[in-house]
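Each residue of the sequence shown is one higher than the one before, starting from -1 at the first, in the working numbering.
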Amino acid sequence: MDYRTLVNEDNDGAEIPDQSLSPFMQFDTEEDLNNSEKQSQWSHQKDLDDFFVRVYQYHQQHGFFCIILSEIFGLVQFIFIVSFTILIVQCIDYPVLFRSTPSARNITHKIHFDEIIQSPQQCLSHMHLLTTSCIILSIIYWLYRLSRALYNLISYYNIRAFYIQALDIKPNDLSNMTWHEVQQRLLLAQRTHHLCIHKLNLTELDIHNRLLRFKNYEVAMVNKGILPPRIRLPILGDIISFTTGFKFNLRLVLFWGPYAPFDERWHLRQEYKVHSQRQKLAKRLSTFILLYGLANLLLSPFIFIWQVLNLFYGYTELVRREPGVLGSRRWSNYGRLYLR
């Protein structure tokens, strides 16, 4: 079978392959599709990449209610980490706890928990500027996560309806189905609901290309040497540094930022295809990369504190139960992309 990639939805007027040479029926416009069959509420998804990714994640995360619980527990966990850390740092009277003051040395009975916990007024009275800044940033970040959680819940609720109505998969049956079975029903749903407007039938390759488009971009950029994961140190020489934070910043610069070369559908912006504009765009992108670097430098103390807290709360209990986890190893981010 001759596999063909999905036609770019932004390239209006692109040449359509001859139907006699392709096993798939092609449609030039949405009007042609409407004349062929009546559309459903799932017809012509504007962003197939995001739609297929959410369909896949809905299956991998075991349904809508598991996703809800995951989002809620994530928000509650963040509140607990910040609140408990503030309690330990600001609201405990350590001189009384360790009997380091003359008045505390005179205490003969066992110190109780309520004796070392300060009142909210006392906690706020000697709160440091760094602690206040961390609290403000934590509130802003939590509100951002809350907005993202609400958006995801609305999106996954629609995916739940798609599973029930279009794929005929009830929530109770989802855990007993493999992704291959879901994918086969997704291919059948294309014939009825026309998720993609340019093709009557989809293949597994079409879906996989959509799911892995972003990952394939990263793999290609690493293999072509476009991404700079190497840092030259005075004594050690060139070392590979491809941390999770560095990876996040690369995605922000190339895909998510306001002046990213790629748009929200992972397509290269038209202005970057004009040869005469390349120097200007490269200079502009270089300026914003510098600004991103300065922002990372300013936020580095808070990022470091959060990484330490996340490591402490995430692995303390695990290390206590299984000390051997300290010797465990895993593939690095660079190794996952380079050897993929």
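Built from N, CA and C at the ideal position, the CB exists for glycine as well.
The structure displayed is predicted, hence computed values, not measured ones.
- Burial of valine 220 is indicated by the presence of at least 16 other C-beta atoms within 10 angstroms of its C-beta.
- For leucine 165, same chain residues with a beta-carbon under 8 Å away, outside a window of 5 residues either side, are Val180, Arg183, Leu184 and Ala187 in chain order.
- Around the Cβ of serine 136, a 10 Å sphere holds 16 or more other Cβ atoms; the residue is buried.
- The beta carbon of leucine 250 lies closer than 7 Å to those of Tyr290 in the same chain, with the five residues before and after it left out.
- The Cβ neighbour count for lysine 44, taken over all protein chains shown within 10 Å, is under 16; the residue is labelled exposed.
- Around the CB of lysine 197, 16 or more other CB atoms lie within 10 Å, so the residue is classed as buried.
- DSSP places glycine 255 outside any alpha helix (DSSP H), giving it a letter other than H or E.
- Phenylalanine 50 is a Cβ neighbour of leucine 209, given a cutoff of 8 Å.
- In the structure shown, the three-state DSSP call for aspartate 47 is helix.
- Per DSSP, the beta bridge partners of glycine 235 are Leu231.
- The residues Leu335, in chain order, have a CB closer than 7 Å to that of glutamate 216 in the same chain once the five nearest residues on each side in sequence are set aside.
- Non-local beta-carbon contacts of histidine 178 in its own chain, meaning distances under 7 Å to residues more than five positions away in sequence, are absent.
- At the C-beta level, leucine 252 and alanine 258 come within 8 Å of one another.
- Going by beta carbons, tryptophan 264 and arginine 211 fall inside the 8 Å limit.
- Put simply, the segment 311 to 326 does not touch the segment 84 to 95. Fewer than three CB pairs are less than 8 Å apart.
- Burial state of histidine 124 is exposed, judged by a 10 Å Cβ sphere holding fewer than 16 other Cβ atoms.
- Shown here, isoleucine 137 sits in a helix according to DSSP, grouped into three states.
- Secondary structure in the segment 90 to 175: the alpha helix (DSSP H) runs of 4 residues or longer, each lying completely within the stretch, are 92 to 95, 100 to 103, 111 to 114, 118 to 123, 127 to 163 and 169 to 172 in chain order.
- By a beta-carbon distance limit of 8 Å, isoleucine 79 does not contact leucine 225. Their separation comes to about 32 Å.
- Rounded to whole angstroms, the separation of the alpha carbons of serine 131 and isoleucine 138 is 11 Å.
- Remark: three or more beta-carbon pairs, one from each stretch, lie closer than 8 Å, so the segment 225 to 245 and the segment 322 to 337 are flagged as touching.
- The beta-carbon separation of phenylalanine 160 and tryptophan 40, rounded to 6 Å, stays under the 8 Å limit for a contact.
- Cysteine 194 is positioned such that its CB atom lies no closer than 8 Å to that of leucine 203.
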